[in-house]
Amino acid sequence: MSLAQCKNLLVFTLLVVAMNASANESGNDKLQLSGFATLGAVVSDSDHHGYRKTVNSDEAVYSGEVDFKQHSLLGLQADWNISSDFDFVYQGVLRDLPEPSFDRYTTLAFLRYEVNTNWSVRVGRTAPDIFLLTEYRDVDFSYIWATAPNEVYGIIPYRSIDGIDVTYNKRGFGGVFTGKLFTGSSEAEISASSTVEEVKIEDVIGISLSFDHFNWVVHAKHSQVKIANEPESNALLSSGISFIPDFLWPNSQAFAQSILMKGQEVSYSSVSGQYQWKNWLASAELSQINSESEVVPKITSGYAALSYQINSHQLYGIYAYTDSRIYDFNEPGINEAALEEVVHATTSLMNFYAPNQDTISLGWRWDLTNNIASSLQWNYTTLSEGGSTLWINKGEGHDEAESINTYLFTLSMVF
Amino acid sequence: MKQFNRILTITLLMLCIASVQAMEPLAVVVNKANPIDKLTRSELIDLFMGKYVAFPDDSKAMPVELKGEHDIKVTFYRSLVDMPLSRVNAYWSRLRFTGRKRVAVFQPNEAELIDYIIANEQAIGYVPQSLITEDLKVVYILNE
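Protein chains in written order, with our numbering: chain A, 2 to 416; chain B, 613 to 756.
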């Protein structure tokens, strides 16, 4: 553990101890402390493609290794009921991060005003309501699987949004309708084998709709964001290409401009549903990422899952996929022999956000107590050539198709 | 031998009492001043599962829960939504740790839960039917 991580851990611990002392002192129901934790172990069998939970991580799990960092985390939360209309929530999640800081560990910090039964407003840091599970994918106890399907969730690096949201709730048609509008900004890290890029988004505008009929629920979500900074890799390559003379790369200036991301819009859409029938639970989600940027292709992803409960045990299966265009360098009139390095760098950049894979998962969750569960999951992933965005690629230039077995074991709890 | 028979009788009696308690209907109660006289099962599910935390007249409700793993809590959720407490906890962890819903008020035992409901007009909770007093209004009976 680095010095910075130790410092953050100390600050975090002191904060929680202080809150705990305050809660005990007040001895009433105004301040509540709670938390969640996961101890997760991962084994994977690829020598080239290293497994990781999301694209945040700059480390990965290769054949012959047992990893405890990808899925293990500790979340602590304080809920302060200020009055019947106002409350404040703080949540910090300690986990392995490429650029650890107190800011990155803080996942929730908002003030809520409940205008009335139907309307509420939250100001501050909230969880991103982009896809079905993006708000609670780190709370492993809350869902059956060992982890949220990588094909849909692995590409989303953001853990929070700083801004404001307004929620409307209404009972009707035998269920409850919820609509939410949110706006704000966010930042996170995206890692590849040798780079960690900070990505900032601003002007986030999103809508989230759901209808909950207890044993079935449907959601529709759409949000759009503007990329607020220029990733270093894009800036460097763009600058390099712009200096290439026309006889080697005709119109290189225009291409150099097209790979810059700052100011480009990206949109996220998702529809999902869940149906519970006796001991069966079926769920499915379809999502799409669209972008103005040449570097971020259209990404279509989805999953379908089925689980069956036998007392405190749940057996489940998931099929998940993600599909995007794979870039093959074919810019016209270019002397590829003379620009081999640049062509390679361009191809890598253009495929940086282009996952192509599908996974079949089988798993078993066992509720050991009312607050602790274990999950064992086997993933069989078929990775297409050039589509390894969700993995860390160890072998330089090795981005070939591969089938990979990954085994996950998690012990998750809430307290 | 006589002592063994006595212990056996007492043990069986205690088991019977425990069994009767487990089967005792649970009353969902509110403050006496609350204008609501009854709730439907669906309204109760919305309220205790954090879907729509309000009374039928759209006034705010404040669910009060027992801290920890009390038997009546297990029975209540089994009767209301046919879920074991582990699944109810998993469901609530989604609402709590996303900050979507305000958390319920927790009380350590039935006596303090009743006191809290008597003192707060918006409060709603559940207790064994035998603990109902004149200061509480029953709006739903489970396990009847």
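Glycine residues also receive a C-beta, built at the ideal position from the N, C-alpha and C atoms.
A:Lys-54, buried or exposed, once every other Cβ within 10 Å from all chains shown has been counted against 16:
As a position in the first sequence, residue 54 of chain A is number 53, starting the count at 1. By the Cβ neighbour-count rule, A:Lys-54 is buried, with 16 or more other Cβ atoms within 10 Å of its own.
By the DSSP assignment, the beta strand (DSSP E) with B:Leu-725 in it spans what residues?
For the purposes of this step, residue 725 of chain B is identified with residue 113 of the second sequence, where counting begins at 1. Looking at the DSSP string, B:Leu-725 is not in any beta strand (DSSP E); the run it does join, the alpha helix (DSSP H), is 722-731.
Give me the Cβ distance between A:Ser-234 and A:Glu-188, rounded to the nearest whole Å; I'm assuming they're in contact under 8 Å.
For the purposes of this step, residue 234 of chain A is taken as residue 233 along the first sequence, with counting starting at 1. For the purposes of this step, residue 188 of chain A is taken as residue 187 along the first sequence, with counting starting at 1. Not really, about 17 Å apart at Cβ, beyond 8 Å.
Would you please verify whether the beta carbon of A:Met-136 is less than 8 Å from any beta carbon of chain B?
As a first step, residue 136 of chain A must be located in the first sequence, where it is residue number 135. The residue you asked about is not Met; residue 136 of chain A is Glu in the sequence shown. Chain B contact via Cβ: present.
Measuring only between beta-carbons, confirm whether B:Pro-637 sits less than 8 Å from chain A.
Numbered from its first residue, the second sequence carries residue 637 of chain B at position 25. No - not a single Cβ of chain A is within 8 Å of the one on B:Pro-637.
Is the CB of A:Gly-207 under 8 Å away from at least one CB in chain B?
Sequence index remark: in the first sequence, residue 207 of chain A carries index 206 (1-based). With a threshold of 8 Å between beta carbons, A:Gly-207 makes no contact with chain B.
Tell me, to the nearest whole angstrom, how far the beta carbon of A:His-223 is from that of A:Ser-270; I am working on the premise that it is less than 8 Å.
The residue you call residue 223 of chain A lines up with position 222 of the first sequence. The residue you call residue 270 of chain A lines up with position 269 of the first sequence. Approximately 5 Å separates the beta-carbon atoms of A:His-223 and A:Ser-270; this is inside 8 Å, confirming the contact.
Can you confirm whether B:Asp-658, when its beta carbon is compared against all beta carbons of chain A, has any partner nearer than 8 Å?
In the second sequence, the residue the question calls residue 658 of chain B occupies position 46. It does; some Cβ of chain A falls within 8 Å.
Could you tell me the distance, in whole angstroms, from the CA atom of A:Ser-27 to the CA atom of B:Ala-716?
In the first sequence, the residue the question calls residue 27 of chain A occupies position 26. In the second sequence, the residue the question calls residue 716 of chain B occupies position 104. Residue confidence is low: A:Ser-27 scores 45 on pLDDT, short of 50, so the model does not pin down where it sits. Its coordinate-derived value is still stated next. If I take the Cα positions, the gap works out to 18 Å.
Does the region 696-706 of chain B come within contact of the region 101-112 of chain A, defined as at least 3 CB pairs closer than 8 Å?
Taking 8 Å as the limit for Cβ pairs, the verdict is that the region 101-112 of chain A does not touch the region 696-706 of chain B.
So which residues on chain A does B:Tyr-664 lean against when the C-beta distance must stay under 7 Å?
Taking the second sequence and counting its residues from 1, the one referred to as residue 664 of chain B is at position 52. One finds Asn-170, Arg-172 and Val-177 in chain A with Cβ atoms closer than 7 Å to the Cβ of B:Tyr-664, taken in chain order.
Strictly under 8 Å for the Cβ-Cβ distance: is B:Ala-723 near chain A by that measure?
In the second sequence, counting from the first residue as 1, residue 723 of chain B sits at position 111. With 8 Å as the cut-off, B:Ala-723 does not count as an interface residue toward chain A.
Sorted by chain position, which residues of the same chain lie with C-beta nearer than 8 Å to A:Ile-335's C-beta, five sequence neighbours on each side aside?
Translated into positions along the first sequence, residue 335 of chain A becomes position 334. So the list reads Leu-249, Trp-250, Pro-251 and Val-344, once near-sequence residues are dropped.
Does the Cβ of A:Ser-357 have 16 or more other Cβ atoms within 10 Å, making it buried, or fewer, making it exposed?
Residue numbering aside, residue 357 of chain A sits at position 356 when the first sequence is read from its first letter. The sequence as given places Asn at residue 357 of chain A; Ser does not occur at that position. Only buried fits A:Asn-357, as 16 or more other CB atoms lie within 10 angstroms of its CB.
Is the CB of B:Asp-727 under 8 Å away from at least one CB in chain A?
Residue mapping note: residue 727 of chain B aligns to position 115 of the second sequence, counting from 1. Chain A contact via Cβ: absent.
Would you list the one or two residues that DSSP bridges to A:Asp-80?
Taking the first residue of the first sequence as 1, we reach residue 80 of chain A at position 79. A:Gln-33 and A:Val-90.
Since A:Val-62 meets chain B, which of its residues come closer than 9 Å, beta carbon to beta carbon?
The residue given as residue 62 of chain A occupies position 61 in the first sequence. Within chain B, no residue comes near A:Val-62; the closest Cβ sits about 26 Å away, beyond 9 Å.
Below 8 Å between beta carbons is the criterion; list the residues of the region 666-683 of chain B that meet it against any residue of chain A, in chain order.
Taking 8 Å as the Cβ-Cβ cut-off, the region 666-683 of chain B approaches chain A at Ala-666, Asp-670, Ser-671, Lys-672, Met-674 and Glu-681, given in chain order.
When the Cα atoms are used, what is the spatial distance from B:Ile-744 to B:Lys-663?
Translated into positions along the second sequence, residue 744 of chain B becomes position 132. Translated into positions along the second sequence, residue 663 of chain B becomes position 51. Taking the straight line from one Cα to the other gives about 27 Å.
Cβ-based neighbour list, A:Asp-86, same chain, cut-off 7 Å, excluding 5 preceding and 5 following
Here the question's residue 86 of chain A lines up with position 85 in the first sequence. Counting only Cβ-Cβ distances below 7 Å, and skipping sequence neighbours, we find Tyr-114 and Glu-115.
According to DSSP, is A:Ala-306 part of a helix, a strand, or is it coil?
Walking along the first sequence from the start, residue 306 of chain A turns up at place 305. Strand at A:Ala-306.
So, for A:Ala-24: in the same chain, excluding its five sequence neighbours on each side, which residues have a beta-carbon less than 6 Å away from its beta-carbon?
Mapped onto the first sequence, residue 24 of chain A falls at position 23. Reliability of the predicted coordinates at A:Ala-24 is poor, the pLDDT of 49 falling under 50, and no value is obtained from them.
Is the Cβ of B:Ser-742 closer than 8 Å to any Cβ of chain A?
Here residue 742 of chain B corresponds to residue number 130 of the second sequence, with the count starting at 1. B:Ser-742 does not count as touching chain A.
Starting from B:Val-715, find everything on chain A with Cβ-Cβ shorter than 7 Å and list it in chain order.
As a first step, residue 715 of chain B must be located in the second sequence, where it is residue number 103. Going along chain A in sequence order, the residues near B:Val-715 (Cβ under 7 Å) are Gln-33 and Asp-80.
Could you check whether the Cβ of B:Gly-590 sits closer than 8 Å to any Cβ belonging to chain A?
This structure leaves residue 590 of chain B out entirely; chain B is present only between 613 and 756.
Cβ of B:Asn-643 less than 8 Å from any chain A Cβ?
Locating residue 643 of chain B in the second sequence gives position 31, where the first residue counts as 1. Closer than 8 Å: no.
What's the gap between the Cα of A:Glu-401 and the Cα of A:Tyr-304?
The residue you call residue 401 of chain A lines up with position 400 of the first sequence. The residue you call residue 304 of chain A lines up with position 303 of the first sequence. Answer to the nearest angstrom: the Cα atoms are 24 Å apart.
Compare the Cα-Cα distances from A:Asp-130 to each of A:Trp-217, A:Ile-162, A:Val-44 and A:Ala-229 and report the closest residue.
Along the first sequence, one-based indexing puts residue 130 of chain A at 129. When only C-alpha atoms are compared, the closest one is A:Ile-162.
Between the CA atoms of A:Thr-347 and A:Gly-180 - distance to the nearest angstrom:
In the first sequence, the residue the question calls residue 180 of chain A occupies position 179. In the first sequence, the residue the question calls residue 347 of chain A occupies position 346. Straight through space, the alpha carbons of A:Thr-347 and A:Gly-180 are spaced by roughly 42 Å.
Closest by CA to A:Asn-380, which one among A:Asp-359, A:Leu-391, A:Trp-392 and A:Leu-369?
Numbered from 1 along the first sequence, position 379 holds the residue referred to as residue 380 of chain A. If we check each option's Cα against that of A:Asn-380, A:Asp-359 comes out closest.
Looking at C-alpha atoms only, which residue of A:Asp-141, A:Lys-70 and A:Glu-295 is the closest neighbour of B:Ser-705?
To locate residue 705 of chain B, count along the second sequence from 1; it is residue 93. Considering only alpha carbons, the answer is A:Asp-141.
Assign A:Ile-83 to one of two classes, buried (16 or more other C-beta atoms within 10 Å of its C-beta) or exposed (fewer than that).
Looking up residue 83 of chain A in the first sequence gives position 82. By the neighbour-count rule (16 or more Cβ atoms within 10 Å), A:Ile-83 is not buried but exposed.
Residues of the region 79-104 of chain A in Cβ contact with chain B at a cutoff of 8 Å, in chain order, please.
Those residues of the region 79-104 of chain A that come within reach of chain B (Cβ to Cβ, closer than 8 Å) are Asp-80, Asn-82, Ser-85, Asp-88, Val-90 and Gln-92.
With a threshold of 8 Å between beta carbons, is B:Pro-696 in contact with chain A?
For the purposes of this step, residue 696 of chain B is taken as residue 84 along the second sequence, with counting starting at 1. Interface residue, yes.
Please tell me whether B:Thr-710 has its Cβ less than 8 Å away from any Cβ of chain A.
Reading the second sequence from its first residue, position 98 is the one you call residue 710 of chain B. B:Thr-710 counts as touching chain A.
Hey, A:Phe-416 and A:Asn-372 are a contact pair by Cβ (cut 8 Å); roughly how many whole angstroms apart?
Taking the first residue of the first sequence as position 1, residue 416 of chain A is located at position 415. Taking the first residue of the first sequence as position 1, residue 372 of chain A is located at position 371. A:Phe-416 to A:Asn-372, Cβ: 6 Å. Contact.
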